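> For what it's worth, this note's numbering labels the leading residue of the sequence shown as 61, then goes sequentially. For each residue, glycine too, the CB sits at the ideal point set by N, CA and C. Source: prediction; values computed, not measured. Just dropping this structure here.
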Amino acid sequence: MALDTSRIEDDLRKLRKTIKKMPRRPTPGEIHRLRTRARRLEVELQASGLDAPLNEKWLLKQLAGIRRRAGKVRDMDVLTTHLTTVRVDGERDCLIQLFEYLGAKRYDKAERLHQLVKEHRRALDKRLKKIARVLEIQMEESSPAEAATSAALKSSAELETHGNLNRGNLHEYRLKVKALRYILQMGEETRNKEFVESLGKIKDEIGEWHDWEELNSIAAKILDHSAGCKLQRQLKEITQQKYESALSSANKLQKTYFRPLSGKKGQGANWNGQKASRAVGAVSGLAAG
């Protein structure tokens with residue numbers, strides 16, 4: 061699996077720029093870029109093994125902390141957007157109460173993110189520049205590409221052996237799908253674009269369900285309306301619909317890509333002596349590239 065060094069270098073450069081210019085009152089777009097770029101670089105460094113020779117445990121820890129805080133701001137942005145799509149007659153007060161709660165939480169979490177970024181901004185920029193300087197040297201060796209291929213195969217195998225999907229583990233499943241997609245995108249070329257696109261669609265669909273689940277939970281906690289609140293009832297209905305759709309799509313993905321291929325003995329790729337899934341076969345194909 062030949063690594064796309066220009067992509068990783070570009071991710072480094074974009075993350076440095078995002079951190080340096082992150083304002084005290086970031087827009088939803090700025091939050092999304094910070095969170096996504098931090099997570100992508102985390103996966104790239106760990107999957108390629110580049111974090112080990114560079115001894116960047118501190119950097120990964122700080123990036124994870126920033127990503128989590130940015131994620132909390134992002135949650136409030138997304139939940140607010142979802143709430144604007146809800147139309148319920150006679151529940152204006154409940155809607156206002158929920159909007160005000162989300163707005164206040166967003167302000168508080170954005171301030172916490174600002175303090176963390178401000179505290180570590182210079183050190184992070186220094187570490188990221190260090191990685192950029194040595195990246196070309198490290199990439200000349202075969203070990204990063206081999207490590208990335210191994211990480212992709214391991215991630216695929218974990219998804220292949222994942223238990224039955226349900227409300228309790230669907231979000232965890234999404235995180236594994238998301239990580240595999242990031243690793244595959246590190247390659248110079250993606251031979252099975254359909255596979256990568258399918259991973260992205262499932263990631264987004266499960267993520268949308270999880271957001272509605274969170275909005276429903278917040279509404280149940282803060283609204284002091286009666287049990288007959290039409291807003292809460294509609295949120296529950298939407299959440300259930302999103303869950304059923306996400307679960308169905310995830311099960312379809314599992315059946316299509318993460319179940320052992322049928323066929324005669326000796327056919328198809330193998331992984332640890334077992335008949336390989338379509339996903340492992342696709343990753344193995346990338347390894348040969």
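Using the Cβ count rule (16 or more neighbours within 10 Å means buried), how would you classify Lys-324?
Against the sequence shown, residue 324 aligns to sequence position 264. Residue confidence is low: Lys-324 scores 44 on pLDDT, short of 50, so the model does not pin down where it sits. Its coordinate-derived value is still stated next. With fewer than 16 other Cβ atoms within 10 Å, it is exposed.
> Apply the 10 Å Cβ neighbour rule to Gln-327 and answer buried if 16 or more other Cβ atoms are within range, or exposed otherwise.
The sequence position of residue 327 within the sequence shown is 267, counting from 1. Note that Gln-327 has pLDDT 43, beneath the 50 cutoff, so the model's placement of it is unreliable and no number is given.
> Hey, how far is the Cα of Ala-217 from the Cα of Val-237?
On the sequence shown, residue 217 is found 157 positions in, with the first residue counted as 1. On the sequence shown, residue 237 is found 177 positions in, with the first residue counted as 1. Approximately 11 angstroms, taken between the alpha carbons.
> Taking the alpha carbon of Asn-311 as the reference point, which residue from Ile-262, Ile-278, Lys-290 has its own alpha carbon closest?
For this step, residue 311 is matched to residue 251 along the sequence shown. Out of Ile-262, Ile-278, Lys-290, Ile-262 has the C-alpha closest to the C-alpha of Asn-311.
> Inspect the beta-carbon positions of Leu-313 and Ser-258 and report whether they are closer than 8 angstroms.
Counting from 1 along the sequence shown, the entry for residue 313 is found at position 253. Counting from 1 along the sequence shown, the entry for residue 258 is found at position 198. Contact: yes.
> Between the alpha carbons of Gln-294 and Ala-279, how many angstroms are there, rounded?
Here residue 294 is taken as the residue at index 234 of the sequence shown, counted from 1. Here residue 279 is taken as the residue at index 219 of the sequence shown, counted from 1. Between Gln-294 and Ala-279, the C-alpha separation is close to 11 angstroms.
> Between Trp-269 and Thr-140, what straight-line distance do the alpha-carbon atoms span, to the nearest angstrom?
As a position in the sequence shown, residue 269 is number 209, starting the count at 1. As a position in the sequence shown, residue 140 is number 80, starting the count at 1. Distance between the alpha carbons of Trp-269 and Thr-140: 15 angstroms.
> Just curious, the alpha helix (DSSP H) that Pro-88 is in, first and last residue?
Locating residue 88 in the sequence shown gives position 28, where the first residue counts as 1. Looking at the DSSP string, the run of the alpha helix (DSSP H) that includes Pro-88 is 88 to 108.
> If I follow the unbroken alpha helix (DSSP H) through Glu-151, where does it start and stop?
The residue labelled residue 151 in the question sits at position 91 within the sequence shown. Element bounds for Glu-151: n/a, residue is neither H nor E.
> Note down, in chain order, each residue of its chain lying with its Cβ closer than 8 angstroms to the Cβ of Leu-72, except the 5 sequence neighbours on either side.
Sequence index remark: in the sequence shown, residue 72 carries index 12 (1-based). The answer, listed in chain order, is Leu-101, Leu-188, Ile-191, Ala-192, Leu-195.
> Below 8 angstroms between beta carbons: does that hold for Leu-307 and Val-146?
The residue labelled residue 307 in the question sits at position 247 within the sequence shown. The residue labelled residue 146 in the question sits at position 86 within the sequence shown. Contact: no.
> Relative to the alpha-carbon of Ile-59, which residue among Ser-309, Gly-288, Glu-274 has its alpha-carbon at the smallest distance?
As shown, the chain starts at 61 and ends at 349. That puts residue 59 outside it, with no answer to give.
> Could you tell me whether the stretch 127 to 134 touches the stretch 87 to 103, where touching means 3 or more Cβ pairs closer than 8 angstroms?
Because the criterion of three Cβ pairs below 8 angstroms is met, the stretch 127 to 134 and the stretch 87 to 103 touch.
> Exposed or buried, which one is Ser-215 when buried takes at least 16 other CB atoms within 10 Å?
Indexing the sequence shown from 1 puts residue 215 at position 155. By the neighbour-count rule (16 or more Cβ atoms within 10 Å), Ser-215 is buried.
> On the premise that Val-148 lies in contact with Asp-271, defined as a C-beta separation below 8 angstroms, what is that separation, rounded to the nearest angstrom?
Indexing the sequence shown from 1 puts residue 271 at position 211. Indexing the sequence shown from 1 puts residue 148 at position 88. Contact doesn't hold; Cβ gap of about 18 angstroms is too wide.
> By DSSP, does Lys-315 sit in helix, in strand, or in coil?
Locating residue 315 in the sequence shown gives position 255, where the first residue counts as 1. The answer is helix: DSSP assigns Lys-315 an H, G or I state.
> Which ranges would you report for the beta strand (DSSP E) in the stretch 125 to 181 if only whole runs of at least 3 residues count?
The stretch 125 to 181 contains no whole beta strand (DSSP E) run of 3 or more residues.
> Can you tell me where the alpha helix (DSSP H) with Asn-229 in it begins and where it stops?
Residue mapping note: residue 229 aligns to position 169 of the sequence shown, counting from 1. Premise fails: Asn-229 is in no alpha helix (DSSP H) and is neither H nor E.
> Touch check for the stretch 170 to 186 and the stretch 80 to 91: three-plus C-beta pairs under 8 angstroms?
In short, these stretches touch, since the Cβ pair count reaches three.
> Give the range of the alpha helix (DSSP H) segment to which Gly-260 is assigned.
Within the sequence shown, residue 260 is the residue found at index 200, counting from 1. From DSSP, the alpha helix (DSSP H) with Gly-260 extends over 253 to 282.
> For a quick check, are the C-beta atoms of Ala-130 and Ile-91 less than 8 angstroms apart?
Within the sequence shown, numbered from 1, the residue matching residue 130 stands at position 70. Within the sequence shown, numbered from 1, the residue matching residue 91 stands at position 31. In this structure, Ile-91 lies closer than 8 angstroms to Ala-130 by Cβ.
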